[in-house]
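Residue numbers (UniProt numbering): 1 to 369.
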C-alpha cells in the first residue's frame, strides 16, 4: 500500500477538519490577561488593567478540562502575556499535558533569561506583532517611548535561539507606508511575514479604533502592491487569512466547530473578536460551555436572521465580512456592513480586470478560452 507523504501543516489541517466535523475543540485561544505594557491605538481589548482575572490554579484547571475535551493546540495571548508573573508556570503545565503551544506577544518584554526559557519549552510558534520599521512609526502606534528598541531586542534574542517565529503586521493609517519595508526586513531575517488590514471595534462596543482603519481603496492598493494582482486573489500566503466570511452560512470558520476562546475573566467565547455567547467557566465546565457554543453556531447557521442577505449578494464571493464584524459594530451577527460591501465591490472589479487581461493574453497566443 502506498503511503501518502504529508507535511505537518497538511496533517494538522486534516486533523482540524476532522475535529470540526466531529465537533471536538482541538484548538483554544486563551487570553491570559488584559494587562499590557503598550497602549496601541487600534487595540480591541476593553482595558489595559489586569483585575479580577483567572489565577494560576484556575488556568491550570481550565487546561485540564480543555485537554479532557480534546484540546491539543493552545495559543496564549493577552494583553501582553509577559506581564503575568506566573506565565512560565502555566506554559510548563500545558507542555507537560502534551499540548502544542503558541505564544502571541509584542516581544518588548523579552529578556535573555526569558528567551532561554521560551527556547526550552519548544513552542510550536511565537507570533510577534510589528507596528513599523522606524521608531517614529512604531511608537505612534504603541504610544510608548522606547518600545521600538525593546521590540527589536526581543526579536533578536529569540532569533539567536532559533525559536520558531511568525511576525504579523496590523496595517492601519499610521503605518501603511511601512508595509513593504516591514516585509523586506522580516523576510531578510528569514522569518515568515504576514499582514492584516482588519481593524476591529473594541469588544466593549467602542468604535474608536476604526478611525485608524484603511479606506477600502487603500486596502486594495496594499494587497496589490504586496502580493500582485494574481497572487492577491488567492491570498498569496502573506495576507492574514480572512476565514470568517459569512456568505456560505454565518459561521464558515472553525469557531464553535473545533476552536474556542477564553477571556482573562474565564468567559468562553467563539473567538477573541466575538464576545458572544459568553459562557462563564467560573461557574460551569468546558464541556457544558462547548455545547453552548456548538448550539449557538448551529442555530445561527440554520436561522441566520432576516437581515442576512449574503447568499444573494453579487459580490459575496469577494467579501471579507464575518459575523464578528457585524456583531462588534451592530450587536447583531448578520447585517451587511457598507465598508465591507464597498471593499468587496472593489476587489471584484480588480479580479474581473485581471481575468480580462489574462483572457486577452491567451487569445493573443492562440490559447482561446
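Every residue gets a Cβ at the ideal spot worked out from N, C-alpha and C, and that includes glycine. All values derive from a computational prediction rather than experimental measurement.
| Item | Value |
| --- | --- |
| Sequence-distant residues of the same chain with beta carbon closer than 7 Å to residue 243, five excluded per side | No answer about residue 243 holds up, because its pLDDT of 46 lies below 50 and its placement is not dependable. |
| Inter-residue CB distance, residue 71 and residue 28 (contact presumed, cutoff 8 Å) | 5 Å |
| C-alpha gap between residue 246 and residue 304, whole angstroms | Summary for residue 246: the model assigns pLDDT 48, below 50, so the residue's position carries little reliability; its value from the coordinates is reported in the next sentence. Going from the Cα of residue 246 to the Cα of residue 304 covers about 10 Å. |
| Distance CB(residue 270)-CB(residue 261) smaller than 8 Å | yes |
| Where residue 187 falls, given that 16 or more other Cβ within 10 Å makes a residue buried | exposed |
| Contacting residues, own chain, Cβ-Cβ under 6 Å from residue 455 (five flanking each side not counted) | Nothing in the structure corresponds to residue 455, since the chain is present only between 1 and 369. |
| Contact belief for residue 343 with residue 216 at Cβ below 8 Å, rounded distance in angstroms | 4 Å |
| C-beta atoms of residue 81 and residue 107 nearer than 8 Å | no |
| Euclidean distance between Cα positions of residue 30 and residue 194 | 22 Å |
| N- and C-terminal bounds of the alpha helix (DSSP H) containing residue 222 | 216-227 |
| In DSSP terms, what residue 77 is bridged to | 31 |
| Residues bridged to residue 280 (per DSSP) | 267 |
| Extent of the continuous alpha helix (DSSP H) to which residue 82 belongs | Residue 82 -> no alpha helix (DSSP H), and no H or E assigned at all. |
| Residue 141, enclosing alpha helix (DSSP H) - first and last residue | 135-142 |
| Beta-carbon proximity list for residue 327, same chain, < 7 Å, skipping 5 on both sides | 274, 276 and 333 |
| Residue 261, enclosing alpha helix (DSSP H) - first and last residue | Unbroken run through residue 261 is the beta strand (DSSP E), 259-262; no alpha helix (DSSP H). |
| Anticipated Cβ contact below 8 Å, residue 76 with residue 32, distance rounded | 6 Å |
| 6 Å Cβ shell around residue 18 - same chain, five flanking residues per side excluded | none |
| Short Cβ contact (8 Å threshold) for residue 132 with residue 178 | yes |
| Burial state of residue 288, where buried means 16 or more other Cβ atoms lie within 10 Å | exposed |
| Distance CB(residue 315)-CB(residue 255) smaller than 8 Å | no |
| 4 or more residues per run - each alpha helix (DSSP H) lying fully within the stretch 304-353 | 323-330 |
| C-beta contact flag for residue 36 and residue 209 at 8 Å | no |
| Alpha-carbon spacing of residue 237 relative to residue 224, whole angstroms | With a pLDDT of only 44 at residue 237, under the threshold of 50, the placement of this residue in the model should not be trusted; the figure read from the coordinates follows. Their backbone Cα atoms lie some 13 Å apart in a straight line. |
| Contact under 8 Å by Cβ, residue 207 with residue 170 | no |
| Short Cβ contact (8 Å threshold) for residue 73 with residue 100 | yes |
| Residue span of the beta strand (DSSP E) that contains residue 196, given as start and end | 192-196 |
| Assigned exposure category for residue 139 - 16 Cβ within 10 Å defines buried | buried |
| Under the three-state DSSP convention, the category residue 167 falls into | strand |
| Residue 370 classed as buried or exposed, judged by whether at least 16 other C-beta atoms fall within 10 angstroms | Residue 370 lies beyond the range of the chain shown here (1 to 369); nothing can be said about it. |
| Residue 102 - DSSP class collapsed to helix/strand/coil | strand |
| DSSP state of residue 60 mapped onto helix, strand, coil | helix |
| Distance between residue 355 and residue 38 (C-alpha atoms, nearest Å) | 44 Å |
| Nearest-angstrom Cα separation, counted from residue 56 out to residue 318 | 44 Å |
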